[in-house]
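Asks: Mind looking over this structure? Questions follow.
Number of protein chains: 2
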Amino acid sequence: MEKRRAYVLLWKWASSSSSFSSRTLSNHRTLFSRSSDSGSTFNRGRRFTSLSPYTQQQRQNFQQSHNILIDSRVLHQATSFLRSSTLQVRFYGSAPVERIPSFSEINSKDIGYFKSILGENNVIQDQDRLQPANTDWMHKYQGSSKLMLLPRSTEEVSHIMRYCNSRHLAIVPQGGNTGLVGGSVPVFDEVIVNMSQMNKIISFDKVSGILVCEAGCILENLESYTDNEGFVMPLDLGAKGSCQIGGNVSTNAGGLRLVRYGSLHGNVLGIEAVLADGTVMDMLGTLRKDNTGYDLKHLFIGSEGSLGIVTKVSLLTPPKLSATNVAFLACNDYLSCQKLLIEARRKLGEVLSAFEFLDSYAMNVVLNNLEGVRNPLPPAVHNFYVLIETTGSDESYDREKLETFLFRLMESGLILDGVVAQDINQVSSFWRIREGIPEALMKSGAVYKYDLSLPLEKMYDLVDEMRARLGHPVKVVGYGHLGDSNLHLNITSPKYDDDILAQIEPFVYEWTSKHRGSISAEHGIGLMKANKIYYSKSPEAVQLMVSIKKMMDPNGILNPYKVLPHSLSANN
Amino acid sequence: MEKRRAYVLLWKWASSSSSFSSRTLSNHRTLFSRSSDSGSTFNRGRRFTSLSPYTQQQRQNFQQSHNILIDSRVLHQATSFLRSSTLQVRFYGSAPVERIPSFSEINSKDIGYFKSILGENNVIQDQDRLQPANTDWMHKYQGSSKLMLLPRSTEEVSHIMRYCNSRHLAIVPQGGNTGLVGGSVPVFDEVIVNMSQMNKIISFDKVSGILVCEAGCILENLESYTDNEGFVMPLDLGAKGSCQIGGNVSTNAGGLRLVRYGSLHGNVLGIEAVLADGTVMDMLGTLRKDNTGYDLKHLFIGSEGSLGIVTKVSLLTPPKLSATNVAFLACNDYLSCQKLLIEARRKLGEVLSAFEFLDSYAMNVVLNNLEGVRNPLPPAVHNFYVLIETTGSDESYDREKLETFLFRLMESGLILDGVVAQDINQVSSFWRIREGIPEALMKSGAVYKYDLSLPLEKMYDLVDEMRARLGHPVKVVGYGHLGDSNLHLNITSPKYDDDILAQIEPFVYEWTSKHRGSISAEHGIGLMKANKIYYSKSPEAVQLMVSIKKMMDPNGILNPYKVLPHSLSANN
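Protein chains in written order, with the working numbering: chain A, 3 to 574; chain B, 3 to 574.
Written as structure tokens, this is what we have:
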């Protein structure tokens, strides 16, 4: 009886929405990544490109007009530039920092040494080639390095480090330079050690799915490689076309698959890293289980190149599963979204691969600012929307499982309305709503952006409180990875306003800290938040970090000014 | 046509084995754990109790005859005792170690201080109560501590540590004292800090499944608690009835759910730990994503209490899934087992929860030595057996998925024969074969045991090589967690023989090292393997471990003689 009723309701639902026909979409990711020549692949479009307020032309203009700047004023200048841009993007929170005087400056003898070990072609002094390496992807930070080195082997990295350490030459390790917190560009004249030439796959075990590769491998290349072998990378980022696995590991990149496969602390099996003094740390295990002493690799995962340069990585890749389904649903309130998550974890547990949410403000911003995007649900006022993705090994079973799940929750009233994608285009259009939010926000005015981890139950309280605090005409938008408790809090106003910023900060950090949240869920600390780390870490924890840094890098040459508070790292 | 053929084959298979009727076994673990009063629960029986060569009476005899021993000779004495036991169990590999002379000895002033902060009842000097705390579970190691402290709060642990550090009193942190490498008992007269009174659950988030609790909580109690809330602990050990979560974290315990949920480095979200100088490190985050500085908690996971005492733990618990199926299969060769694993990962990927293997030698040992155990397959000579368990959210779909999978592989010849459990008793009897191996080995003669991680493709080569090397009448048995590349290599001979040992060691360690394996997959280093760490870790890595140890515990008071080579730790 109950089952029949559920089917009736589903029918109503299906006929009122664009379609509930749940044809399973097998392998859509693969199909998309194969069309990557078009320049707008599914994965690429998801997060990274949409964060950019710049076109390629704007980027070139910026580079031409700002050239190479040589001290910390660059930060203010870059900020001023961004403030004055018509896009009204506001970056803030970067305190001035002084060059550490104990660092040497590059001289001709140094250049000669590097050429002798790396060869002429891998010692870059040409300004045109240095410029992009001195500039971060968001054009927020710009360094003034006069030297970029391109090692081709761990031994070369070791030689570089040993030499720089003895000469007190500061170093910034650089992968794809796609970081968002100023961690991968020089602050002053640090030597750039770019890993792009160490891009070989060393081995792949087709039974266990264990990949061993050099740090400079581009994530998308690894994705293609493992895909051909029937496996997937356990992380997937919008920046995959440029970012390198060494950088991913060094920043503990999160991304779209974290809810399913967990963090890199669980998926990285081994690392080879070169310490500040040139010591090669071989921790390149390929074992799922190894309880022999302290698990040192974790020190290098997420330490943003400040303890060593990651040169090789060993990763556990899960098998590729063929069946994917995506549903776009409406809920009445945040509590319903939470309940839906509980149910999805329980009933879809083993196939659930994404659980994203957005509020009605986020939906409106997207519908009002992005061309060609439409609400797949029939017109109605809904307060919250949820995107659920499942990935499993069997098309028909997985589809039925999702349908049964949705039938039940429609009947219970937890879901007010919903639609399941019936083809790849619909999958893409559902994801476009969620992933288009940052781009739509950029077009709507000045944006104040926060990437926070918060306890799930409290997460949306911050959005409500902020809304009450700021009033009209400021708009407060909440969306993010509900499955990971990761809130993207975005606040927009018609124009950038210092008074609004003063209303937001430090309130947002204090609120996050009070609820034991994280002020950086997935982007890291870098230069941007080095002085804000205490909002998420205790003084004792920061002190231990500083002690470890000083022990492993007594001259402080590795990625200085980043990760740890400037007042403490300056003591180096 | 092909599908029909598969069904015909299945019919043949089903009728020739005890039954292929694949009735799904929902929730069998819960059922078993609820009957734990019987003293032989499913989980209890799986691994831990079967490792014990002792009855309770033997344990008492040992304690009475050996009493409290005061120096390193205890190791030799214990070994002699074990050698002479009728069970012919051989423990080896423990080099003599000298008491570090810089450590103070307990005096009456110390006792007075501890009573003042902990109260009379929590300062234990009574020999009867000290004796079990001085003795490890395997009766291999016995210390001579005269003092056990029972703190009830983090603050009390901090007071203890600060005092002991200033007085140079050595400490051994102790949880359930269920370790297998001598890590949780004193070597000499170290003060035992037993965590059993810190056993409160602090919070549980029913939406996210995040559990926060004190370190002294017994794993089985946490399992019951989370089970009631609809979640499961991400680790499950045979020792669950005694072991404590703080000890689990400190040893990075592996266990039966690792293949599904991964290691504790992925599941532990936060830790509170007290350092050697009494500093309380609050790293008790409850967030899946937090990229703010070095992720220090990983230093405490698996460092066996040598860097700090874990006082609180925050864990991500997955939702409980209701449907479990178990199949017992026969394969012709090790390559087929590997191929079966590849297929299982791909086709059962999201529901696969165990993939165990045993060779025909292991099967024979079980059938010949354990009463009531029978081969569920029809009599035939098979070289390898595989146990596959699936756990999912939907009974009928999961069952069908497993059946379809088995049909196909029967047809392809990868599986020679097989049976799927049709009720809880059959589940139990299949697991009994796999989990009964250690017990059966103990009954078959002298046993030389090795717990190794090896690259999957090479894993069984070691068994073959060892078999060729040792010849008759020595028996070489290979089994273990194939899904985790964890080999349990066991060698039996009618009597213990030093010549056989010399044939095995150091060959087995050198072989493991040559193939970049781990000499301790899941048990840790403890006292037992402190001098063998170089077989699995590079000198540079060990040196960094020693530097970290010296930085965090300059007086070396925390769990001395363990984890790191004695020659290096003695320098403390």
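Beta carbons are placed, not taken as given, at the ideal position from N, Cα and C, and that holds for glycine.
#1: Which bits of chain A does Ile-527/B rub up against, with CB to CB less than 8 Å?
#2: Would Arg-131/B count as contacting chain A if we go by Cβ distances under 9 Å?
#3: Quick one: which chain B residues come within Cβ less than 9 Å of Met-150/A?
#4: Have a look at Ser-118/A and Ala-325/A and give me their C-alpha separation to the nearest angstrom.
#5: Return the residues of the stretch 512-526 of chain A that lie within a Cβ-Cβ distance of less than 8 Å from chain B, sorted by chain order.
#6: Cβ of Ile-203/B within 9 Å of Cβ of Phe-330/B?
#7: Just confirm the distance between the C-beta atoms of Ser-455/B and Ser-487/B, as a whole number of angstroms; I'd bet it's less than 8 Å.
#8: May I ask you to report which of helix, strand or coil DSSP gives Cys-215/A?
#9: So, for Lys-208/A: in the same chain, excluding its five sequence neighbours on each side, which residues have a beta-carbon less than 7 Å away from its beta-carbon?
#10: Report the neighbours of Arg-469/A on chain B: residues whose CB is nearer than 9 Å to its CB, in chain order.
#11: For chain A, check one thing: does any of its Cβ atoms lie closer than 9 Å to the Cβ of Met-197/B?
#12: Residues of chain B with a CB under 8 Å from the CB of Asn-488/A: which are they?
#13: What residues match up with Phe-330/A in a beta bridge as DSSP calls it?
#14: Alpha carbon to alpha carbon, how far is Gln-246/B from Leu-221/B? Give it in angstroms, no decimals.
#15: Run through chain A and tell me which residues come within less than 8 Å of Ile-535/B, C-beta to C-beta.
#16: Find the residues of chain B that neighbour Pro-321/A, judging by a C-beta separation of less than 7 Å, and give them in chain order.
#17: Does Met-150/B come out as helix, strand or coil in the three-state DSSP assignment?
#18: So, do the stretch 150-163 of chain B and the stretch 285-292 of chain B have three or more beta carbon pairs nearer to each other than 8 Å?
#19: Measure from the C-beta of Tyr-563/B to each C-beta in chain A and report whether the shortest distance is under 9 Å.
#20: Using the beta-carbon of each residue, which ones in chain B are nearer than 9 Å to Ser-549/A?
#21: For Arg-376/A and chain B, any beta-carbon pair shorter than 9 Å?
#22: Does the separation of the CB atoms of Met-197/A and Pro-175/A fall below 9 Å?
#23: When you compare only the Cα positions, how much space is there between Arg-376/B and Leu-369/B?
#24: Since Ser-520/A and Ser-538/A should fall inside the 8 Å C-beta cutoff, what is the C-beta to C-beta distance between them, to a whole number of angstroms?
#25: Applying the 10 Å Cβ sphere with the 16-neighbour rule, what's the burial state of His-474/A?
#26: Beta-carbon within less than 6 Å of Asn-293/B's beta-carbon, same chain only, minus the 5 sequence neighbours each way: which residues are those?
#27: Find the residues of chain A that neighbour Gly-256/B, judging by a C-beta separation of less than 7 Å, and give them in chain order.
#28: At a cut of 8 Å, does the stretch 183-197 of chain A reach the stretch 97-109 of chain A through at least three beta carbon pairs?
#29: So what does DSSP say about Asp-368/B, is it helix, strand or coil?
#30: Is Lys-322/A buried or exposed, if buried means 16 or more other CB atoms sit within 10 Å of its CB?
#31: Put Tyr-498/A into one of helix, strand or coil per three-state DSSP.
#32: How many whole angstroms separate the CB atoms of Leu-503/B and Tyr-450/B, which I take to be in contact at a CB cut-off of 8 Å?
#33: Using a Cβ cut-off of 9 Å (strictly closer), state whether Glu-402/A contacts chain B.
#34: Can you pull the chain B neighbours of Lys-539/A, defined as C-beta to C-beta under 7 Å?
#35: Name the two residues that bound the continuous beta strand (DSSP E) containing Ala-275/A.
#36: Measure the alpha-carbon distance for Ala-275/B versus Val-251/B and round it to whole angstroms.
Replies: The relevant details are as follows:
#1: As a first step, residue 527/B must be located in the second sequence, where it is residue number 525. Neighbours of Ile-527/B in chain A, taken as residues whose beta carbon is under 8 Å from its own, are Asn-293, Thr-294, Gly-295 in chain order.
#2: Working through the second sequence from its first residue, we reach residue 131/B at position 129. For Arg-131/B, no CB of chain A lies under 9 Å from its own CB, so it is not counted at the interface with that chain.
#3: In the first sequence, residue 150/A corresponds to position 148, counting from 1. Chain-order list of chain B residues neighbouring Met-150/A: empty, with the shortest C-beta distance near 26 Å, by a criterion of under 9 Å.
#4: Here residue 118/A corresponds to residue number 116 of the first sequence, with the count starting at 1. Here residue 325/A corresponds to residue number 323 of the first sequence, with the count starting at 1. Whole-angstrom Cα-Cα distance: 53 Å.
#5: For the stretch 512-526 of chain A, which is checked against every Cβ of chain B, the residues closer than 8 Å are Arg-518, Gly-519, Ser-520, Ile-521, Ser-522, Ala-523, Glu-524, His-525, Gly-526.
#6: As a working note, residue 203/B is residue 201 in the second sequence. As a working note, residue 330/B is residue 328 in the second sequence. At a Cβ-Cβ threshold of 9 Å, Ile-203/B and Phe-330/B do not count as neighbours.
#7: Along the second sequence, read from residue 1 onward, the residue named residue 455/B stands at position 453. Along the second sequence, read from residue 1 onward, the residue named residue 487/B stands at position 485. Right, their Cβ atoms sit about 6 Å apart.
#8: Looking up residue 215/A in the first sequence gives position 213. Annotated three-state conformation of Cys-215/A is strand, per DSSP.
#9: Sequence index remark: in the first sequence, residue 208/A carries index 206 (1-based). If we look at Lys-208/A and ignore the five residues flanking it on each side, its Cβ neighbours are Glu-231.
#10: Within the first sequence, the letter at position 467 stands for residue 469/A. Correct list: empty, because the minimum Cβ distance to chain B is about 22 Å.
#11: Here residue 197/B is taken as the residue at index 195 of the second sequence, counted from 1. No - not a single Cβ of chain A is within 9 Å of the one on Met-197/B.
#12: For this step, residue 488/A is matched to residue 486 along the first sequence. Correct list: Arg-290, Lys-291.
#13: Position 328 of the first sequence, counted from the first residue, corresponds to residue 330/A. Beta-bridge pairing links Phe-330/A to Leu-389/A, Val-421/A.
#14: As a working mapping, residue 221/B is identified with position 219 in the second sequence. As a working mapping, residue 246/B is identified with position 244 in the second sequence. For Leu-221/B and Gln-246/B, the distance between alpha carbons rounds to 5 Å.
#15: Walking along the second sequence from the start, residue 535/B turns up at place 533. Chain A residues near Ile-535/B: Thr-294, Gly-295.
#16: Along the first sequence, read from residue 1 onward, the residue named residue 321/A stands at position 319. Ordered by position in chain B, the residues that pass the 7 Å Cβ test against Pro-321/A are Arg-347, Arg-348, Gly-351.
#17: As a first step, residue 150/B is located in the second sequence; it is residue number 148 there, counting from the start. Correct three-state label for Met-150/B: strand.
#18: Taking a cut-off of 8 Å on C-beta distances, the stretch 150-163 of chain B does not touch the stretch 285-292 of chain B, as fewer than three cross pairs fall below it.
#19: Residue mapping note: residue 563/B aligns to position 561 of the second sequence, counting from 1. Chain A, which has no Cβ nearer than 9 Å to the Cβ of Tyr-563/B, makes this no.
#20: Translated into positions along the first sequence, residue 549/A becomes position 547. Met-553, Met-554, listed in chain order.
#21: Here residue 376/A is taken as the residue at index 374 of the first sequence, counted from 1. No, no contact with chain B.
#22: One-based indexing of the first sequence puts residue 197/A at position 195. One-based indexing of the first sequence puts residue 175/A at position 173. Contact: yes.
#23: As a first step, residue 376/B must be located in the second sequence, where it is residue number 374. As a first step, residue 369/B must be located in the second sequence, where it is residue number 367. Going from the Cα of Arg-376/B to the Cα of Leu-369/B covers about 6 Å.
#24: Numbered from its first residue, the first sequence carries residue 520/A at position 518. Numbered from its first residue, the first sequence carries residue 538/A at position 536. By a beta-carbon distance limit of 8 Å, Ser-520/A contacts Ser-538/A. Their separation comes to about 5 Å.
#25: Position 472 of the first sequence, counted from the start, is the residue given in the question as residue 474/A. Exposure of His-474/A is indicated by the presence of fewer than 16 other C-beta atoms within 10 angstroms of its C-beta.
#26: By one-based count along the second sequence, residue 293/B stands at place 291. Result list for Asn-293/B: empty, nothing under 6 Å.
#27: The residue given as residue 256/B occupies position 254 in the second sequence. The answer, in chain order, is Lys-291.
#28: The stretch 183-197 of chain A is in contact with the stretch 97-109 of chain A.
#29: Against the second sequence, residue 368/B aligns to sequence position 366. The displayed chain sequence assigns Val, not Asp, to residue 368/B. It is helical.
#30: Here residue 322/A is taken as the residue at index 320 of the first sequence, counted from 1. By the beta-carbon neighbour count (other beta carbons within 10 angstroms, threshold 16), Lys-322/A is buried.
#31: The count along the first sequence starts at 1 and reaches residue 498/A at position 496. Under the three-state reduction of DSSP output, Tyr-498/A falls in the coil class, being neither helix nor strand.
#32: Residue numbering aside, residue 503/B sits at position 501 when the second sequence is read from its first letter. Residue numbering aside, residue 450/B sits at position 448 when the second sequence is read from its first letter. Leu-503/B to Tyr-450/B, Cβ: 7 Å. Contact.
#33: Residue mapping note: residue 402/A aligns to position 400 of the first sequence, counting from 1. By this cut-off, Glu-402/A is an interface position.
#34: Counting from 1 along the first sequence, the entry for residue 539/A is found at position 537. In chain order: Thr-294, Gly-295.
#35: Sequence index remark: in the first sequence, residue 275/A carries index 273 (1-based). 270-276 is the extent of the beta strand (DSSP E) around Ala-275/A.
#36: Within the second sequence, the letter at position 273 stands for residue 275/B. Within the second sequence, the letter at position 249 stands for residue 251/B. Answer to the nearest angstrom: the Cα atoms are 11 Å apart.
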